[in-house]
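Novice: Chains as they are written, first to last, in the numbering used here: chain A, 1 to 116; chain B, 1 to 111.
Pasting a structure below so you can have a look.
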Amino acid sequence: EPEVTQTPSHQVTQMGQEVILRCVPISNHLYFYWYRQILGQKVEFLVSFYNNEISEKSEIFDDQFSVERPDGSNFTLKIRSTKLEDSAMYFCASRTTGTGAVQPQHFGDGTRLSIL
Amino acid sequence: QKEVEQDPGPLSVPEGAIVSLNCTYSNSAFQYFMWYRQYSRKGPELLMYTYSSGNKEDGRFTAQVDKSSKYISLFIRDSQPSDSATYLCAPNTGTASKLTFGTGTRLQVTL
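Structure follows, in structure tokens:
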């Protein structure tokens, strides 16, 4: 069964450094999402992306965050200057456009980001 | 008031028991109701979903939505140790829109 893949599985970065988290969505999917989960807390929405532009973003997704689909297969989340509070598990999700039945979001296994 | 609330548990049941997991929500615009299962160190995995009010059954799992009371339930029959995981309810307003997750209920099924 096709799946969403995320790399790396664990990223350790010094505070203030830039980090790029990478995702390869399922191949025929056109809606892409990033969520994060701080340890012990709920999964929170960050941003959704469709047709090469952001369709919705949360309050968490400030100017330090950006997303990009640099080619036909990758979807990236960049944090420009990391803070300690950015430490979390980051999940990428994707969804097909399909009509009729509900087309749910499928999640990768996440990248654990640790800021030192 | 939080948009989606779940009892975090943990909920411990013996193998073979019927499990009832519940969520309440406050946003009347929610139309689609997803249940995800999350194993330790893994991403959320879609279990099943319903649209609007009503029931949906899939094998040992039944999802139920009561929009009048803003109450969502997931029932697991004949629970197995492999069902031990965190169960997340995640409604949204449209199929392409963001998911709003509850905190999740941790379930442990014991032998």
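Positions of the beta carbon are idealized from the N, C-alpha and C atoms, including for glycine.
(1) Under 8 Å, Cβ to Cβ, is there at least one residue of chain B near S48/A?
(2) Is it the case that the Cβ atoms of C23/B and E45/B are separated by a distance below 8 Å?
(3) Which runs of the beta strand (DSSP E) at least 3 residues long sit entirely within the stretch 47 to 107 of chain B? Give them in chain order.
(4) Hey, could you find the ends of the beta strand (DSSP E) A29/B is sitting in?
(5) When the cut-off is 8 Å and only beta carbons count, does E53/A lie next to chain B?
(6) Could you tell me the boundaries of the beta strand (DSSP E) in which R80/A lies?
(7) With a Cβ-Cβ cutoff of 8 Å, do F75/A and C23/A count as a contact?
(8) Taking CB distances under 8 Å as the criterion, tell me whether R95/A reaches chain B.
(9) For K56/B, go through chain A and note every residue whose CB falls closer than 9 Å to its CB, in chain order.
(10) Please list the partners that D109/A has in chain B, where partner means a Cβ-to-Cβ separation under 8 Å.
(11) With distances taken between CB atoms, is the gap from P8/B to G104/B smaller than 8 Å?
(12) Pairing CB atoms from the stretch 71 to 86 of chain B with CB atoms from the stretch 29 to 43 of chain A, are three or more of them under 8 Å?
(13) Counting beta carbon pairs with one atom in the stretch 93 to 113 of chain A and one in the stretch 16 to 33 of chain A, are three or more of them shorter than 8 Å?
(14) Please report the residue range of the beta strand (DSSP E) in which R36/A lies.
(15) With 8 Å as the threshold, decide whether the Cβ of L74/B is near any Cβ in chain A.
(16) Can the beta-carbon of T82/A be found less than 8 Å from the beta-carbon of I115/A?
(17) Can you tell me where the beta strand (DSSP E) holding Q6/A begins and where it ends?
(18) Starting from F101/B, find everything on chain A with Cβ-Cβ shorter than 7 Å and list it in chain order.
(19) Bridge partners for E56/A per DSSP, in chain order?
(20) Look up N22/B in the DSSP assignment and say whether it is helix, strand or coil.
Specialist: So, from the data block:
(1) To locate residue 48/A, count along the first sequence from 1; it is residue 48. Yes - at least one Cβ of chain B is within 8 Å of the one on S48/A.
(2) Walking along the second sequence from the start, residue 23/B turns up at place 23. Walking along the second sequence from the start, residue 45/B turns up at place 45. Contact flag unset, no.
(3) 54 to 58, 61 to 66, 71 to 76, 85 to 92
(4) Within the second sequence, residue 29/B is the residue found at index 29, counting from 1. No beta strand (DSSP E) holds A29/B; DSSP gives it neither H nor E.
(5) Working through the first sequence from its first residue, we reach residue 53/A at position 53. No, E53/A lies away from the interface with chain B (no Cβ there is under 8 Å from its Cβ).
(6) In the first sequence, the residue the question calls residue 80/A occupies position 80. Segment: none, R80/A is in no beta strand (DSSP E) and carries neither H nor E.
(7) Translated into positions along the first sequence, residue 75/A becomes position 75. Translated into positions along the first sequence, residue 23/A becomes position 23. Yes, these two residues count as a Cβ contact at 8 Å.
(8) As a position in the first sequence, residue 95/A is number 95, starting the count at 1. By this cut-off, R95/A is an interface position.
(9) Residue 56/B sits at position 56 when you count from the first residue of the second sequence. The contacting residues do not exist; K56/B stays about 11 Å from chain A at best.
(10) Stepping through the first sequence from its first residue, residue 109/A is reached at position 109. R41, K42, G43, listed in chain order.
(11) Against the second sequence, residue 8/B aligns to sequence position 8. Against the second sequence, residue 104/B aligns to sequence position 104. Their beta carbons are under 8 Å apart, which means P8/B touches G104/B by this criterion.
(12) no
(13) yes
(14) Sequence index remark: in the first sequence, residue 36/A carries index 36 (1-based). Note, R36/A: beta strand (DSSP E), 31 to 37.
(15) Along the second sequence, one-based indexing puts residue 74/B at 74. Answer no: the Cβ-Cβ gap between L74/B and chain A never drops below 8 Å.
(16) Residue numbering aside, residue 82/A sits at position 82 when the first sequence is read from its first letter. Residue numbering aside, residue 115/A sits at position 115 when the first sequence is read from its first letter. Result yes, Cβ atoms of T82/A and I115/A sit closer than 8 Å.
(17) Here residue 6/A corresponds to residue number 6 of the first sequence, with the count starting at 1. Run containing Q6/A: 5 to 7, per the beta strand (DSSP E) assignment.
(18) Residue 101/B sits at position 101 when you count from the first residue of the second sequence. In chain order: K42, V43.
(19) Position 56 of the first sequence, counted from the first residue, corresponds to residue 56/A. Partner(s): S48/A.
(20) Locating residue 22/B in the second sequence gives position 22, counting from the first residue. Reduced to three states, the DSSP call for N22/B is strand.
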